[in-house]
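A.B. asks: Residue numbers (this note's numbering): 1 to 400.
Note that the Cβ used here is the ideal one computed from N, Cα and C, for glycine as well.
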Ligand SMILES: *Cc1c(COP(=O)(O)O)cnc(C)c1O
C-alpha cells in the first residue's frame with residue numbers, strides 16, 4: 001500500500017482540486033463585455049430578461065433578482081411580514097444566511113431538527129416548535145435535495161405560515177413532479193460561484209403571488225415606488241415615493257448578462273453533476289467506513305454537494321484526521337455545515353448545544369467531496385482513489 005501524503009507519501013494528484021467552482025466559457029465572457037460597452041451597467045434591460053428566464057425555467061409567475069442570495073432571503077422575510085417578536089423555524093444544518101435573514105427582521109429563530117436520511121427539516125420536529133408567534137418556515141434544500149414539501153405545505157396551511165424555501169443549492173431540482181421555485185410561497189436561489197449557475201454574487205426570489213412580488217421589488221430599491229397607481233400623491237413626472245424601509249439590493253446588468261448566458265447550460269451542468277454523483281455512489285457503495293448520500297425516490301436532486309458520512313465505528317481515527325489526510329492528497333474536501341446555533345453569535349443569543357441532536361451528530365460525521373460540472377473524469381478518478389486510499393488505511397482491521 002502506498003504511504004499517505006499526510007505521512008510524506010506522494011499525493012494522489014499534483015494540484016489541488018477545489019470542492020466547487022464555476023464554469024465560465026467564451027459566451028459568458030462575451031455577454032458581460034457586451035454590457036460593459038452598452039448604456040446600462042446596473043438596472044438595464046437584462047435584469048428583466050434574466051428574471052423572466054429564471055421564472056420560466058422553474059415555472060413560477062414572478063422572479064425578482066437581488067445582489068446576492070442572502071439579500072433575497074432578507075427580502076422574502078420582509079415580504080412575508082416577519083417582524084420583531086415573530087418566530088421563524090429553520091434548519092440548523094445550513095449556511096448562517098438562512099437564519100440570519102430572520103434575525104435581520106428582528107424575529108426569533110427556532111431551529112428544528114433534521115431527518116437522519118435526507119438531512120432536511122423533519123416536519124414532526126417543525127410542528128413541535130409552532131406557536132401563536134410562528135410566522136414562517138425557512139426550509140433548506142440541503143445539498144440540492146428538496147425537502148418534504150407535502151408535509152411542510154400541510155403544516156404551513158394548517159397554522160397559516162409562510163413557506164420560504166432556501167433553494168440556494170437546488171435550482172433545477174424537482175419534488176413530487178414540481179420544479180423547485182414553483183412549490184413554496186417564495187423560493188430563494190443563489191448565484192454564488194460554487195452554486196449551479198453563477199453571476200459572481202447574485203440571488204433571486206421566485207413566487208406565484210403578486211403581492212409578494214410587489215413587496216420584493218420595492219424592498220430591493222430602498223422601498224421606493226414610481227408606479228403611478230401606488231403613489232399617495234403625484235407631484236409630477238419626476239415624483240417617487242418611499243413607502244417602506246428598503247435597501248439597495250439590486251443586481252447589475254453585467255451580472256444578469258452572465259446569469260442569462262449561464263442558465264442556457266443549467267440542464268447540462270446538473271446532468272454532469274448527476275453523472276459524477278452516480279460514479280461516486282458506485283465506487284463507494286461497498287466501503288464499510290462511510291455512507292453515501294440517500295436521495296428520496298420522490299425527488300430529483302440538483303446535486304450541489306456530495307456529502308458522505310464517516311462511520312466512526314469502522315475507523316481507527318477521527319473525522320479531522322481523515323479530512324486532513326484527504327486535503328494532503330490534494331482533494332479539496334469541505335464540511336457543510338457547522339450547526340448554525342453553535343456559532344458564537346448564536347450562542348450569545350442563548351442557543352445551547354444539544355438542541356438538535358440529529359444535526360449535531362450528522363455534522364460530526366460529514367465530509368463534502370469535490371463536485372462541479374467542469375471536473376474531468378480524471379478528477380473524479382482522483383477523488384475516488386484518494387478516498388479509497390485514506391479510508392482503507394484507517395479502516396478497523398484494515399491495512400494499517
Ligand atoms: C449560498 C447560500 C446562501 C447565501 O447565498 P449568497 O448568494 O452567498 O448570499 C444561503 N443559504 C444557503 C444554504 C447557501 O448555500
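(1) Could you check whether the Cβ of residue 180 sits closer than 7 angstroms to any heavy atom belonging to ligand 1?
(2) Give the range of the beta strand (DSSP E) segment to which residue 306 is assigned.
(3) Using 7 angstroms as the cut-off, classify the Cβ of residue 78 as near or not near the heavy atoms of ligand 3, replying yes or no.
(4) Measuring only the C-alpha atoms, how far is residue 390 from residue 338?
(5) Please classify residue 232: is it buried, with 16 or more other beta-carbons within 10 angstroms of its beta-carbon, or exposed?
(6) Compute every distance between the C-beta of residue 112 and the non-hydrogen atoms of ligand 1, then say whether any falls below 7 angstroms.
(7) Assuming contact is defined by CB atoms lying nearer than 8 angstroms, are residue 166 and residue 266 in contact in what I supplied?
(8) Do the segment 273 to 285 and the segment 344 to 359 make contact, defined as three or more Cβ pairs closer than 8 angstroms?
(9) On the DSSP letters alone, give me the boundaries of the beta strand (DSSP E) that residue 140 sits inside.
(10) Determine contact between the segment 302 to 314 and the segment 65 to 72, defined as no fewer than three beta-carbon pairs at a distance below 8 angstroms.
(11) Per DSSP, what kind of secondary structure is residue 396 in: helix, strand or coil?
(12) I need the straight-line Cα distance from residue 197 to residue 4, nearest angstrom please.
(13) Starting from the C-beta of residue 213, find all residues in its chain whose C-beta is less than 7 angstroms away, skip the five residues before and the five after it, and write them out in chain order.
(14) Should residue 31 be counted as a contact of ligand 1 given a C-beta to heavy atom distance under 7 angstroms?
(15) Which runs of the beta strand (DSSP E), 3 residues or longer, sit entirely within the segment 308 to 377?
(16) Per DSSP, which one or two residues make a beta bridge with residue 179?
(17) Is residue 66 helix, strand or coil when you go by DSSP?
(18) Could you pull the DSSP bridge partners for residue 163 from this structure?
(19) So residue 126 and residue 155 are in contact, right, with Cβ under 8 angstroms, and what is the actual spacing, rounded?
(20) Is it right to say residue 394 is buried, meaning 16 or more other beta carbons lie within 10 angstroms of its own, or is it exposed?
(21) Mapping DSSP to helix, strand and coil, what is residue 290?
(22) Kindly indicate which residue of 121, 311, 31, 264 has the alpha-carbon position closest to the one of residue 287.
(23) Go to residue 88, then tell me how far its beta strand (DSSP E) extends in each direction, as first and last residue.
(24) In three-state terms, what does DSSP make of residue 245?
(25) Does the distance from the CB of residue 36 to the CB of residue 254 come in under 8 angstroms?
(26) Taking C-beta to C-beta, are residue 11 and residue 244 nearer than 8 angstroms?
(27) Whole angstroms are fine: how far does the CA of residue 41 sit from the CA of residue 415?
(28) For residue 86, tell me which candidate among 92, 77, 361, 93 has the shortest Cα-Cα distance.
(29) From what residue to what residue does the beta strand (DSSP E) around residue 6 run?
(30) Tell me which residue opens and which closes the beta strand (DSSP E) that residue 190 is part of.
(31) With hydrogens ignored, establish whether the beta-carbon of residue 95 is closer than 7 angstroms to any heavy atom of ligand 1.
(32) Would you mind stating whether residue 163 and residue 130 have Cβ atoms separated by less than 8 angstroms?
(33) What did DSSP end up calling residue 97 once you bin it into helix, strand or coil?
(34) According to the Cβ coordinates, are residue 60 and residue 259 closer than 8 angstroms?
(35) Determine contact between the segment 21 to 32 and the segment 139 to 155, defined as no fewer than three beta-carbon pairs at a distance below 8 angstroms.
(36) Check this for me: beta carbons of residue 83 and residue 55, under 8 angstroms apart or not?
C.D. replies: So, to answer that:
(1) As a working note, residue 180 is residue 180 in the chain shown. No, the Cβ of residue 180 stays beyond 7 angstroms of every heavy atom of ligand 1.
(2) Translated into the one-based positions of the chain shown, residue 306 becomes position 306. That run of the beta strand (DSSP E) goes 306 to 310.
(3) Ligand 3 is not part of this structure, which contains only ligand 1.
(4) To locate residue 390, count along the chain shown from 1; it is residue 390. To locate residue 338, count along the chain shown from 1; it is residue 338. Taking the straight line from one Cα to the other gives about 23 angstroms.
(5) Stepping through the chain shown from its first residue, residue 232 is reached at position 232. That one is exposed.
(6) Sequence index remark: in the chain shown, residue 112 carries index 112 (1-based). No, the Cβ of residue 112 stays beyond 7 angstroms of every heavy atom of ligand 1.
(7) Start at 1 with the first residue of the chain shown, and residue 166 comes out as number 166. Start at 1 with the first residue of the chain shown, and residue 266 comes out as number 266. It is not a contact, given that the beta carbons lie outside the stated cut-off.
(8) no
(9) Residue 140 sits at position 140 when you count from the first residue of the chain shown. It spans 134 to 140 - the beta strand (DSSP E) in which residue 140 sits, taken as one unbroken run.
(10) In short, these stretches do not touch, since the Cβ pair count stays below three.
(11) Within the chain shown, numbered from 1, the residue matching residue 396 stands at position 396. Coil at residue 396, not helix or strand.
(12) As a working note, residue 197 is residue 197 in the chain shown. As a working note, residue 4 is residue 4 in the chain shown. Whole-angstrom Cα-Cα distance: 35 angstroms.
(13) Mapped onto the chain shown, residue 213 falls at position 213. Around residue 213: 62, 64, 207.
(14) Within the chain shown, the letter at position 31 stands for residue 31. Checking the Cβ of residue 31 against ligand 1 gives no.
(15) 366 to 369
(16) Taking the chain shown and counting its residues from 1, one reaches residue 179 at position 179. According to DSSP, residue 179 bridges with 174.
(17) Mapped onto the chain shown, residue 66 falls at position 66. In this structure, DSSP gives residue 66 an extended state, which the three-state scheme calls strand.
(18) Along the chain shown, read from residue 1 onward, the residue named residue 163 stands at position 163. Answer by DSSP bridge pairing, in chain order: 137.
(19) Counting from one through the chain shown, the residue named residue 126 turns up at place 126. Counting from one through the chain shown, the residue named residue 155 turns up at place 155. The C-beta distance from residue 126 to residue 155 rounds to 6 angstroms, short enough to meet the 8 angstroms contact threshold.
(20) Within the chain shown, numbered from 1, the residue matching residue 394 stands at position 394. Flag for residue 394 reads buried.
(21) Stepping through the chain shown from its first residue, residue 290 is reached at position 290. In the three-state DSSP reduction, residue 290 falls in the strand class (E or B).
(22) Mapped onto the chain shown, residue 287 falls at position 287. When only C-alpha atoms are compared, the closest one is 311.
(23) Here residue 88 refers to the residue found at position 88 when the chain shown is read from its first residue. Start and end: 87 to 90.
(24) Here residue 245 is taken as the residue at index 245 of the chain shown, counted from 1. The answer is coil: DSSP assigns residue 245 none of H, G, I, E or B.
(25) Counting from 1 along the chain shown, the entry for residue 36 is found at position 36. Counting from 1 along the chain shown, the entry for residue 254 is found at position 254. It is a contact, given that the beta carbons lie within the stated cut-off.
(26) Start at 1 with the first residue of the chain shown, and residue 11 comes out as number 11. Start at 1 with the first residue of the chain shown, and residue 244 comes out as number 244. For residue 11 and residue 244, no; Cβs fall outside 8 angstroms.
(27) The question about residue 415 has no answer here: the residues shown for the chain are numbered 1 through 400.
(28) As a first step, residue 86 must be located in the chain shown, where it is residue number 86. Of the listed residues, the one whose Cα sits closest to residue 86 is 77.
(29) The residue you call residue 6 lines up with position 6 of the chain shown. No beta strand (DSSP E) holds residue 6; DSSP gives it neither H nor E.
(30) Start at 1 with the first residue of the chain shown, and residue 190 comes out as number 190. 186 to 190 is the extent of the beta strand (DSSP E) around residue 190.
(31) By 1-based counting over the chain shown, the position of residue 95 is 95. Flag set: Cβ of residue 95 near ligand 1.
(32) Numbered from its first residue, the chain shown carries residue 163 at position 163. Numbered from its first residue, the chain shown carries residue 130 at position 130. Cβ distance not < 8 angstroms, so residue 163 and residue 130 don't count as in contact.
(33) By one-based count along the chain shown, residue 97 stands at place 97. Residue 97 falls in the helix class under three-state DSSP.
(34) Along the chain shown, read from residue 1 onward, the residue named residue 60 stands at position 60. Along the chain shown, read from residue 1 onward, the residue named residue 259 stands at position 259. No; because the gap between Cβ atoms is not below 8 angstroms, this pair is not in contact.
(35) no
(36) Here residue 83 refers to the residue found at position 83 of the chain shown. Here residue 55 refers to the residue found at position 55 of the chain shown. It is not a contact, given that the beta carbons lie outside the stated cut-off.
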